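J.: Attaching a single structure in structure tokens format; questions to follow.
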Amino acid sequence: MKSITFIFILFVFALSAYGQKSVVTGRITYISSGAVYTSLGRDAGVSDSSLIIALSGDDTIAVLKVFATSSKTSVCNILDKKRDLKVGDALIFIPLISETKSSSIDHTMETVIDSIPIIVATDSVGKDSIQSSSHSWLLIHGSVGLQYHGTTSSLTNFKYSQSGGIINLNGKLTGIPVSFEIYANLRRLYQGNLNLFSSKGVDRSRIYRFSLSFNDGTNIISIGRIVPTYSPGIGYIDGLMALRTFDGLTFGLVAGFEPGYTQRTFSSNIKKAAIFGSYSTNSILHPSLNISYVRSYYGSLLNRESLSGSFRIFLLERLSISALCDLDLRMKSETKYILSPKPALFNANVDYRFPSTVAVGAGLVMWRPSYSFASIRTIPDSLLDLRIRTTPNLNINIWLSYGISIYNNYSPRLISGQLGKEYLNYSSVNFSNAFNSGFISRFSVSLNSTEYAKSKIYGLSVQKNIFNMLDASLHYQVNRNTISRTGDLLVYTSYSLDIFTNIFKSVTLWGSVERFVGHASDGYTFLAEVRKKF
């Protein structure tokens, strides 16, 4: 395996060369079955095969490679590491194969980018295959896979199975600045006793990205289904995007149609256009700023008009401050859509890691329901819920000796002027190879209180690597819910086994079986995936 030092040197080189790109940071949120879960998802520009660096202070401790993503999270393999990773470890990510490259180093960086699969050869496709593909007219990165998800239950209505495939590929033509991206989940849902080949299955496929791009390092033109990574609040658009970068600044515009609700087919119902800009630099504060203005129309009717912005800075190399705001510029007034700016979302966070083994964070989330005008045009104003929900949060992460760490997050909710009556508190104690036992385990307690119910969730998980061939995890969870109005106690218990392994270092297998026993039903859940990486 290539050394972590070499990978980090490559990463630093790319970081300095891509001075105009945003530095995205995150945290490790969960570790299980040889997989590392992070807080960086598609909204942060992360995609399959992206490289993420884990840091401890100024020291690089691991290099991760993404193999699955959602909008807010990603799941990674560990390519190399200096020490065991822990929940809460800091992460840094720059989308190397993404929206921009400095024109002055485009040809040089093309060689560096194309060499990334060679760096991770022992975890992707093998040396001979890589060398032969490096002379091809088309370079492809990513993965394809097959998935299965099924549930059997004592209640017929809760029986279902779902099969499908994942396609996540990035392709680049050699010699010309043209690339394509495909990210789709093709799946069908079968309810009741239907078999996997029944014609009565329901199509649940999703196409997240399907685009063709021209990128000469300064100008980028993309067509297809895209999400502008500089301003993800714009959302999905089936259309055309054009942007230009210079001296750390990026300006662009995008126009087209909003995909249908199913995200499977093209829809011309809602037209959308946006302008956006961003600024980032590698100065001492590493500031990054994004702003976007969006308009959408339902037919000829103005449907929504919004302004979004976000920023992040780093102080003293240990303190990070970030915030984002989404502002609705128009509100419904009887049958009119008048100019009346009101916040739809505000999220601010401050995180600080002490030189010792303690990290603390505080944040504030304020939001209210946001509506498109077409969806509420005929609804009386008095029936619309425009209340602002406020949720502060405090978290602390403590790393002790012998691989032991403690984490707690407390989030009270401000409802109708009352703070703390409703809340969510999550606590966990983690043992990462504690006392050199070879086991990774976690005990967690989650307390949740709302106006409808109170719940207590207790969890225990144990993970072990076996002969450096596979990771096996056992999970146990008890969920106790008390209904506020009746006082009824509902208990839900589950046991599960997860297995994760690599085959021939380019194929991954993941499987899970869960036994659940609930208040009114019991049964099993099965999950399986096989994925080929390129």
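Numbering (my numbering), first residue to last: 4 to 537. Even for Gly, the Cβ is constructed at its ideal location relative to N, Cα and C. In this text the structure is predicted, and so the values were computed from the model without any measurement.
Would you verify that the beta carbon of Phe376 is, or is not, closer than 8 Å to some beta carbon of chain D?
T.: In the displayed structure, chain D is absent; only one protein chain is listed.
J.: Less than 6 Å between C-beta atoms, sequence neighbours within five positions excluded: which residues of the same chain meet that for Ala187?
T.: Ile170 and Ile210
J.: From the DSSP secondary-structure annotation, give me the bridge partner or partners of His152.
T.: Gln165 and Leu530
J.: Name the residue from Ser166, Ile179, Val181 and Leu172 whose alpha carbon lies nearest to the alpha carbon of Arg191.
T.: Ser166
J.: Looking only at C-alpha atoms, which of Ala362, Ser378, Leu348 and Ile443 sits nearest to Asn588?
T.: Because residue 588 is not part of the residues shown, which for the chain are 4 to 537, the question remains open.
J.: Could you tell me if Asn196 is buried or exposed, where buried requires 16 or more neighbouring beta carbons within 10 angstroms of its beta carbon?
T.: exposed
J.: I need the DSSP call for Pro120, collapsed to helix, strand or coil.
T.: Only weak support exists for where Pro120 lies, its pLDDT of 30 falling under 50; the coordinates are left without a value.
J.: Could you tell me the distance, in whole angstroms, from the CA atom of Leu246 to the CA atom of Asp329?
T.: 22 Å
J.: Rounding to the nearest angstrom, what Cα-Cα distance links Phe161 and Ser295 in this structure?
T.: 43 Å
J.: For Asp491, count neighbouring Cβ atoms within 10 angstroms of its own Cβ and tell me buried if that reaches 16, exposed if not.
T.: exposed
J.: Take Ile56 as the anchor and find which of Asp46, Leu348 and Gly29 has the nearest alpha-carbon.
T.: Gly29
J.: If you run the structure through DSSP and keep just helix, strand and coil, what is Glu308?
T.: strand
J.: Pull up the distance between the alpha-carbon of Phe14 and that of Tyr239, whole angstroms please.
T.: Residue placement at Phe14 is poorly supported in this model, since its pLDDT is 41, which falls under 50; the coordinates still yield a value, given next. Going by the C-alpha atoms only, they are around 29 Å apart.
J.: Do you know whose CA, among Ser464, Ala277 and Leu43, lies nearest Asp92's CA?
T.: Leu43
J.: Kindly list the residues whose CB is nearer than 6 Å to the CB of Asn436, restricted to its own chain and excluding five residues on each side of it in sequence; keep chain order.
T.: Asp87 and Gly406
J.: Give me, in chain order, the residues of the same chain whose beta-carbon lies closer than 7 Å to that of Arg371; leave out the 5 immediate sequence neighbours on both sides.
T.: Ala347, Leu389, Arg390, Ile391 and Arg392
J.: Report yes if the CB atom of Ala276 is closer than 8 Å to the CB atom of Arg298, and no otherwise.
T.: yes
J.: In whole angstroms, what separates the C-alpha of Thr125 from that of Phe349?
T.: Bear in mind that the predicted position of Thr125 carries a pLDDT of just 30, short of 50, making it unreliable; the figure below should be weighed with that in mind. Their backbone Cα atoms lie some 43 Å apart in a straight line.
J.: Between Ser449 and the ligand ZN, is the CB less than 7 Å from at least one heavy atom?
T.: For the structure depicted, the ligand ZN is absent and the ligand set is empty, with no information on it obtainable.
J.: May I have the straight-line CA-CA distance separating Arg445 from Tyr33, to the nearest angstrom?
T.: 10 Å
J.: In angstroms with no decimal places, state the Cα-to-Cα distance between Lys85 and Val66.
T.: If you take the alpha carbons of Lys85 and Val66, they lie about 9 Å apart.
J.: Would a C-beta distance cut-off of 8 Å place Ser431 and Tyr410 closer than the cut-off?
T.: Going by C-beta atoms, Ser431 is nearer than 8 Å to Tyr410.
J.: Please identify the residue among Arg45, Glu425 and Ala38 whose C-alpha is closest to the C-alpha of Lys68.
T.: For Lys68, the nearest C-alpha among the options comes from Ala38.
J.: Among the candidates Leu512, Ala523 and Gly521, whose CA atom is the shortest distance from the CA of Ala531?
T.: Looking at the Cα atoms, Leu512 is the closest of the given residues.
J.: State the Cα-Cα distance for the pair Leu199 and Ala71, rounded to the nearest angstrom.
T.: 24 Å
J.: Are Phe269 and Ile237 closer than 8 Å when you measure CB to CB?
T.: no
J.: Gln219: buried (16+ other C-beta within 10 angstroms of its C-beta) or exposed?
T.: Just to set this straight, residue 219 is Asp in the shown sequence, not Gln. Burial call: exposed.
J.: By Cβ distance, which residues of its chain are closer than 6 Å to Leu463, with the 5 residues on each side in sequence left out?
T.: Cβ neighbours of Leu463 beyond the five flanking positions: Phe446 and Tyr479.
J.: Applying the criterion that 16 or more other CB atoms from any shown protein chain within 10 Å of the CB defines a buried residue, is Glu184 buried or exposed?
T.: buried
J.: Report the start-end ranges of each beta strand (DSSP E) in the region 279-351 that is 3 residues or longer and not cut off at the edges.
T.: 291-301, 304-318 and 322-336
J.: Looking only at C-alpha atoms, which of Ser59, Ser225, Val78 and Pro290 sits nearest to Arg45?
T.: Val78
J.: Given this structure, state the Cα-to-Cα distance separating Thr453 from Leu493, to the nearest angstrom.
T.: Each residue's Cα considered, the two are about 15 Å apart.
J.: Taking 8 Å as the limit between beta carbons, can you name the residues of its chain near Phe260, skipping five residues before and five after?
T.: Ile240, Asp241, Gly242, Phe269, Ser270, Ser271, Asn272, Ile273, Lys274 and Lys275
J.: Could you tell me how far apart the beta carbons of Lys52 and Ser146 are, in whole angstroms, since I believe they sit closer than 8 Å?
T.: Before going further, note that residue 52 is Ser rather than Lys in the sequence given. Correct: roughly 7 Å between the Cβ atoms.
J.: Are Ser343 and Arg333 touching if we call contact CB-CB under 8 Å?
T.: yes
J.: Taking DSSP as the reference, what is the three-state secondary structure of Ser431?
T.: Assignment of Ser431 by DSSP, reduced to helix, strand and coil, places it in the strand class.
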